[in-house]
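These protein sequence lines map, in sequence, to chains A and B.
Note that the first sequence covers residues 0 to 567 in numbering that gives the first Met the number 0.
Note that the second sequence covers residues 0 to 183 in numbering that gives the first Met the number 0.
Quick reminder that beta carbons are idealized off the backbone N, C-alpha and C, glycines included.
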Amino acid sequence: MTRQNIVLAGVATAALLAGLGIAQAADVTYERLLNPEAGNWLTNNRTYDSNRYSPLDEITKANVGDLKVAFTVPLTPSSKGAGAFWSSLQGTPLVEDGVMYMSDGWGRIYAIDLSKGDRGLIKWIMDPQTSPELATGILNNRGVALYGDSIYSITPDCGFLRVNKETGEVIWRVETQQNPVEYCTMAPLAIKDKIIIGPAGGDGPMRGRLEARNPDNGDVIWTFETILDSSFDEGGETGGGATWVTGAYDAEKNELIWGIGNPYPDWEPKKRPGDNLYTNSTVAIDADTGEVKWHFQYTPNDSWDFDEVGTQQLYKANINGTDTNVLGHFGRNGFFYSVDGSNGSYLNGSQYAEKVTWTKGIDPKTGKPLEYDPAAKVQKYLAETRMDFDLMDMPADFEFCPYWEGGVNMFPTTYSHDTKLVYGLLMEGCTYNPKSRPTDEKGYLTGAVVAIDTATGQIAKRTDFSSTGRGGLLSTAGGIVIGTSSNGDIFALDDTSLERLWNFNVGTMIDAPPITFAVNGKQYIGLAVGPGGVGLGFHNYPGKNSNADEAAAAQKFQPATTMYFFSL
Amino acid sequence: MPARLPSLGPLLRRMSLFGAIAVPLLAFPGLASAQDATPTIDAAQIERGYAVWKGQDCIGCHGWAGNGERIGENPKGPNLRAIELDAETIKEVVLCGRPGTQMPYHDPAAYSDDRCYGMTKADTAGMELIRGKDMTANEATDLAAYIVAKLIGHPEQPNQEECQAYYGKRPFCAKLPTAAEQGY
Chain A
0 MTRQNIVLAG
10 VATAALLAGL
20 GIAQAADVTY
30 ERLLNPEAGN
40 WLTNNRTYDS
50 NRYSPLDEIT
60 KANVGDLKVA
70 FTVPLTPSSK
80 GAGAFWSSLQ
90 GTPLVEDGVM
100 YMSDGWGRIY
110 AIDLSKGDRG
120 LIKWIMDPQT
130 SPELATGILN
140 NRGVALYGDS
150 IYSITPDCGF
160 LRVNKETGEV
170 IWRVETQQNP
180 VEYCTMAPLA
190 IKDKIIIGPA
200 GGDGPMRGRL
210 EARNPDNGDV
220 IWTFETILDS
230 SFDEGGETGG
240 GATWVTGAYD
250 AEKNELIWGI
260 GNPYPDWEPK
270 KRPGDNLYTN
280 STVAIDADTG
290 EVKWHFQYTP
300 NDSWDFDEVG
310 TQQLYKANIN
320 GTDTNVLGHF
330 GRNGFFYSVD
340 GSNGSYLNGS
350 QYAEKVTWTK
360 GIDPKTGKPL
370 EYDPAAKVQK
380 YLAETRMDFD
390 LMDMPADFEF
400 CPYWEGGVNM
410 FPTTYSHDTK
420 LVYGLLMEGC
430 TYNPKSRPTD
440 EKGYLTGAVV
450 AIDTATGQIA
460 KRTDFSSTGR
470 GGLLSTAGGI
480 VIGTSSNGDI
490 FALDDTSLER
500 LWNFNVGTMI
510 DAPPITFAVN
520 GKQYIGLAVG
530 PGGVGLGFHN
540 YPGKNSNADE
550 AAAAQKFQPA
560 TTMYFFSL
Chain B
0 MPARLPSLGP
10 LLRRMSLFGA
20 IAVPLLAFPG
30 LASAQDATPT
40 IDAAQIERGY
50 AVWKGQDCIG
60 CHGWAGNGER
70 IGENPKGPNL
80 RAIELDAETI
90 KEVVLCGRPG
100 TQMPYHDPAA
110 YSDDRCYGMT
120 KADTAGMELI
130 RGKDMTANEA
140 TDLAAYIVAK
150 LIGHPEQPNQ
160 EECQAYYGKR
170 PFCAKLPTAA
180 EQGY
């Protein structure tokens, strides 16, 4: 048999076995990624539009109260790399035909057979053997990509891997690290004949990029540099613009819609006069060439670490009577934005975080902060909140809101096809020097889920809770939104009233988004519990309503690395 | 000295007090100060110290070259290539950390008794006290020897040879000056 014939025979057998209900993975083609089966979660945001909406409807508003733990699967224990942080589970697991593919902070990949329904059996573990001295960044890998017969992932030290999906064997490894302060955490995105990756590390002197790579051999097809020299008066050591979260893909227009990270140095805008494009922006990139088609910048010349790598939601909405392709994005800076998906112009939006002190608001025409002065090299915004020193050197009486992690950080948002609402999971509060944070209510961080009307960009509904919103959201055709918070709650909300219909507490912080999938016709909610990274420091910020017992227990939260699976 | 230190008033006074009466030269004759350290250093010990440096948590906050170029959102540690501490003091800072700052302690039993600056957990109440990766006293001795021999007094910008020793043959090392260019 020729090689091609063997491959073809393999696919035929896989299809046959799938028909018989026997777990055997078929190829993940571009067509499947465009139109995933209802029971599967084949790419980071489930679909290219980043909606994280599932058509599964076995679990409904009426029965979600009966959700129970079906089984759990612990992964390799957490450990520290060369930095201060515990490795974490922050990834979105993928599920294809009864097998889950999950990555951990060290870049290991686990294939877990879920076909039994009442337990998960680890089929194989791929360990890239990342040596601790090269694990210099924050160890929170956000997931893998499935494409063809392979898995694509990046290790903490930016080795780009192609892995055999059946056996876990590494087919090749290509080094992509260009600078020692770079590290890699992004879940790659597979589109037609390309895998998109990019580095984290923009809180250090690096310059970000997106790379399209060849799925066959890992070669670079194009590189998009996120730092526009002409928008930085000082070159050299300034830059940033990391790309640490998976973006969206507009398949019709063949454009990648990607969020770009904060400028470096994070807190000292005078050191980088200019708007600092394309930091804190959404960029639309021609997927064939890597050229920018349009961009929209949220916080020019930032001083508060307002990365905008978080979810880029693509949907249609009726804006002022016109059916419009919209990019909906919860800015880490406290504002929700609707942007025209054809040219990047601002449509509408609103302030979704209660406490915002860095600007008086957003210009309803341009979408820029009201104080933004296009002629100024260094922006002023509201001077009393403007950072010009490291976070650790903040004066004791200085504060800015929202908190530097948001607002809505990179924790995934969701768009429901049924309610036409887009939901964000946020942190509510302000940033202080950790050494002088007020110990009364003022210093608390709390959380909320906010639902935005996609036609108007205005808040439709909001529900508050006592700890920060971390982890992520999904919505389903069953009329529910599943979410998580840093006190270890995983919960189900009514997608319209946002009433909490179900809650389960895992006893430590949750940092990873939930997914939903079906195996043998039964619907499950899956979630990684594995606090670490920056997150474990959150015990310093107790929630508003947390009583003394809860606040004290949060101080003692332990690293964990367990997969949870819930079903009716 | 980093700007933050003066605010540590009482703790610092206690530390310098203890520094003064600590028994010097436990493990390294000739290592009492950075200046006269280099000639008599035990190469095997420096090698062991380098292994500790690579396997510990220092790099996140102090940078792989110890020059203060932290990685990502790690807290910012000072440039260790520019400090003027002797090996014994470094060992103490590493094992006991600096209460009230982001510098973690690495002796798992620190503050369980008065081994660190004469202070117990109760004395550090209200101060930030961070636990780093666990380390034995012997590892701390080797690590301090490495820092004195290979980091202190070196230019802030690392050279190609240091980069290759750490990272192997990654292309970015080639952008740095060579040791010869730096006068080594």
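Check: For A/Pro272 versus A/Asp232, is the C-beta distance shorter than 8 angstroms?; Outcome: yes
Check: Which residues, in chain order, does the segment 159-179 of chain A contribute to contact with chain B at a C-beta distance below 9 angstroms?; Outcome: Glu174, Gln176, Gln177, Asn178, Pro179
Check: When you compare the CB of A/Lys67 with every CB in chain B, is at least one pair closer than 8 angstroms?; Outcome: no
Check: May I ask you to report which of helix, strand or coil DSSP gives A/Gln128?; Outcome: coil
Check: How would you call A/Phe295, buried or exposed, if buried means at least 16 neighbouring beta carbons within 10 angstroms?; Outcome: buried
Check: Is A/Thr135 close to chain B, meaning its C-beta is less than 8 angstroms from at least one C-beta of that chain?; Outcome: yes
Check: If I measure Cβ to Cβ from A/Val244 and keep anything under 7 angstroms in the same chain, skipping five residues before and after, which residues do I get?; Outcome: Arg141, Met185, Gly258, Val308, Gly309, Met409
Check: Can you tell me whether A/Trp171 is buried or exposed? The criterion is at least 16 other CB atoms within 10 Å of its CB, across all chains shown.; Outcome: exposed
Check: Reducing DSSP to helix, strand and coil, say where B/Met134 ends up.; Outcome: coil
Check: Kindly list, in the order they appear in chain B, the residues whose Cβ is closer than 8 angstroms to that of A/Val533.; Outcome: Glu72
Check: Would the beta-carbon of A/Met426 fall within 8 angstroms of that of A/Gly446?; Outcome: yes
Check: Using beta carbons (cut-off 8 angstroms, strictly below), is B/Asp56 in contact with chain A?; Outcome: yes
Check: Since A/Gly200 meets chain B, which of its residues come closer than 8 angstroms, beta carbon to beta carbon?; Outcome: Ile70, Gly71
Check: Thinking C-alpha only, which one of A/Gly478, A/Val505, A/Gly158 is nearest A/Arg499?; Outcome: A/Gly478
Check: Using only the alpha-carbon positions, how far apart do A/Ala454 and A/His416 sit?; Outcome: 13 angstroms
Check: Which chain A residues sit within Cβ distance under 9 angstroms of B/Tyr165?; Outcome: Glu132, Leu133, Pro179
Check: Does any residue of chain B bring its CB to less than 8 angstroms from the CB of A/Lys354?; Outcome: no
Check: Could you tell me whether the segment 100-113 of chain B touches the segment 127-145 of chain B, using the rule of 3 or more Cβ pairs below 8 angstroms?; Outcome: yes
Check: Flag B/Gly125 as yes if its beta-carbon sits less than 8 angstroms from any beta-carbon of chain A, otherwise no.; Outcome: no
Check: Can you list the residues of chain A that B/Lys75 reaches, using a CB-CB cut of under 8 angstroms?; Outcome: Asp389, Met391
Check: Drop a sphere of 10 angstroms on the beta-carbon of A/Thr515, count the other beta-carbons inside from all chains shown, and report buried for 16 or more, exposed for fewer.; Outcome: buried
Check: Leaving out five residues on either side along the sequence, give the residues of the same chain with a beta carbon under 6 angstroms from the beta carbon of A/Lys359.; Outcome: Leu369
Check: Keeping to the same chain, check which residues put their C-beta closer than 6 angstroms to that of A/Ala134; ignore five residues upstream and five downstream.; Outcome: Gly80, Ala81, Pro155
Check: If contacts are defined as beta-carbon pairs under 8 angstroms, then B/Gln175 and B/Trp52 qualify, I think. What distance do you get, rounded to the angstrom?; Outcome: For clarity, residue 175 of chain B is Leu in the given sequence; the question names Gln instead. In fact, because the Cβ distance is near 18 angstroms, the residues do not count as touching under 8 angstroms.
Check: Going by C-alpha to C-alpha distance, which of A/Val355, A/Tyr431, A/Ala250, A/Gly405 sits closest to A/Asp392?; Outcome: A/Tyr431
Check: With a Cβ-Cβ cutoff of 8 angstroms, do A/Gln350 and A/Ile58 count as a contact?; Outcome: no
Check: If you measure from the beta carbon of A/Gly203 to each beta carbon in chain B, is any gap under 8 angstroms?; Outcome: yes
Check: Where does the unbroken alpha helix (DSSP H) through A/Leu567 begin, and where does it stop?; Outcome: Premise fails: A/Leu567 is in no alpha helix (DSSP H) and is neither H nor E.
Check: Are the C-beta of A/Tyr263 and some C-beta of chain B separated by less than 8 angstroms?; Outcome: no
Check: What is the C-beta distance between A/Gly340 and A/Asn324, in whole angstroms, given that I count them as a contact (C-beta under 8 angstroms)?; Outcome: 4 angstroms
Check: Is it right to say A/Pro530 is buried, meaning 16 or more other beta carbons lie within 10 angstroms of its own, or is it exposed?; Outcome: buried
Check: Using a 10 Å radius around the Cβ and a threshold of 16 neighbouring Cβ atoms, would you call A/Tyr336 buried or exposed?; Outcome: buried
Check: Check whether the Cβ atoms of A/Asn39 and A/Val94 lie closer than 8 angstroms to each other.; Outcome: yes
Check: Can you tell me the Cα-Cα spacing of A/Ala559 and A/Asp103, whole angstroms?; Outcome: 11 angstroms
Check: Is A/Tyr351 helix, strand or coil when you go by DSSP?; Outcome: coil
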